[in-house]
Every structure is written in structure tokens, then in C-alpha cells.
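A.B. asks: In numbering that gives the first Met the number 0, the protein residues as written are 0 to 141. Glycine included, every Cβ here is placed at the ideal spot set by N, Cα and C. Remember, it's a predicted structure, so these values are computed and weren't measured experimentally.
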Amino acid sequence: MKKILFVVLFLSITIVACTAKHKAISEDKPKLESDTIKIANSDIEYEVIIIDAGFSSWFNTFAKSRNYYSQSYLEARNRVWVQEWNRRAMLPMQYNSMLYEMQIDYQNNINYGYEVNYMLYHYLVYFQLTNKQSLGGFVARL
0 MKKILFVVLF
10 LSITIVACTA
20 KHKAISEDKP
30 KLESDTIKIA
40 NSDIEYEVII
50 IDAGFSSWFN
60 TFAKSRNYYS
70 QSYLEARNRV
80 WVQEWNRRAM
90 LPMQYNSMLY
100 EMQIDYQNNI
110 NYGYEVNYML
120 YHYLVYFQLT
130 NKQSLGGFVA
140 RL
């Protein structure tokens, strides 16, 4: 059973079960043309779905090309940022619940592959820069 890493409008993320097969994108940097972005790797069972009106244009303009960062670099940042995201999602009275609607199910012991980490990383950079949020650990920059 496939799993999907899902980012909802207003910046919500979760992994849910899926049975559909998705095609891997093989370009160095995929050009995003929709408010709904799907990226998957056929070698793994996870993918990223991002629904955010501003992310596509930001990604097309600012994202680093595929393989610019190593997978371990992306994973290290994603782990720290997702942990802080989840902490904030559990404290809706302290943090804007419109920004942190739900937790991200990103587990350290699962190899999500390069594609999932690549898109999640760029989304979290986009989120921090456009919402003037700092998820800590590492400075979000291009």
C-alpha cells in the first residue's frame, strides 16, 4: 500500500494511505504548473502532494535543482523542521492554527527517498520564508 505525504492549503501536512500508482518525475528540476503538486519515486512507497496556491510559482523561481543537496542534508533539515511543526500543531492556542492545522507524520526511521525529501524541504523553506516563521535548528534560505 502506497503512502502519500500530503500538504493542504494553509500549510497542513500528513501522510495517508493510497493505492494509486504515480509516475516519477525525472527532470533535474520539475516545473510546477498547478496548485496541486504531486511528486513520487516509483522505487519507494511515499510521495508528496502539495496544495498551496503560491508554492508553484515560488518553486519554479527559487528552488534549487534536483541533486543540488544530498538526501542526508534534506533529511536532517526535514527532521528538525517537522518536529517543530508538529510541536506547534499541538499548541493551537500558542501558534496560529491556520498555519499549523495538523501534524506531519514524518518518521526518522523511514527512508522516504530523495524526491519526497526534496519537495518537503522546499515546501518547508517556502513556508518559513513566506510566513516569516522560523522552525528552528537551521535557517531557511535559498
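Can you determine whether any heavy atom of the ligand PLP sits closer than 8 Å to the C-beta of residue 95, and answer yes or no?
C.D. replies: The model depicted lacks the ligand PLP and carries no ligand whatsoever.
A.B. asks: So for residue 105, helix, strand or coil by DSSP?
C.D. replies: Residue 105: coil per DSSP, three-state reduction.
A.B. asks: Quick check: what's the CA-CA separation for residue 21 versus residue 48?
C.D. replies: Below a pLDDT of 50, predicted positions are generally treated as unreliable, and residue 21, at 36, falls in that range; the measurement from the model is reported next regardless. Their Cα atoms are separated by approximately 11 Å.
A.B. asks: Looking at the unbroken alpha helix (DSSP H) that takes in residue 74, where does it start and where does it end?
C.D. replies: Run containing residue 74: 70-88, per the alpha helix (DSSP H) assignment.
A.B. asks: Candidates 84, 114, 91, 108: which alpha carbon is nearest residue 102's?
C.D. replies: Closest option to residue 102, Cα to Cα, is 84.
A.B. asks: Report back the beta-carbon spacing between residue 54 and residue 141 to the nearest angstrom; my notes put them in contact at under 8 Å.
C.D. replies: Incorrect: roughly 14 Å between the Cβ atoms, too far for contact.
A.B. asks: Considering residue 120, what are the terminal residues of the alpha helix (DSSP H) in which it resides?
C.D. replies: Here the alpha helix (DSSP H) through residue 120 covers 112-130.
A.B. asks: I need the boundaries of the alpha helix (DSSP H) containing residue 59, first residue and last residue.
C.D. replies: It spans 54-61 - the alpha helix (DSSP H) in which residue 59 sits, taken as one unbroken run.
A.B. asks: Could you say if the segment 69-76 and the segment 109-118 meet the contact criterion of at least three C-beta pairs nearer than 8 Å?
C.D. replies: Yes, since at least three Cβ pairs between the segment 69-76 and the segment 109-118 fall closer than 8 Å, the two stretches touch.
A.B. asks: Between which two residues does the beta strand (DSSP E) harbouring residue 47 extend?
C.D. replies: First-last of the beta strand (DSSP E) with residue 47: 45-50.
A.B. asks: Smallest Cα separation from residue 110: which of 129, 52, 70?
C.D. replies: The candidate whose alpha carbon is nearest that of residue 110 is 70.
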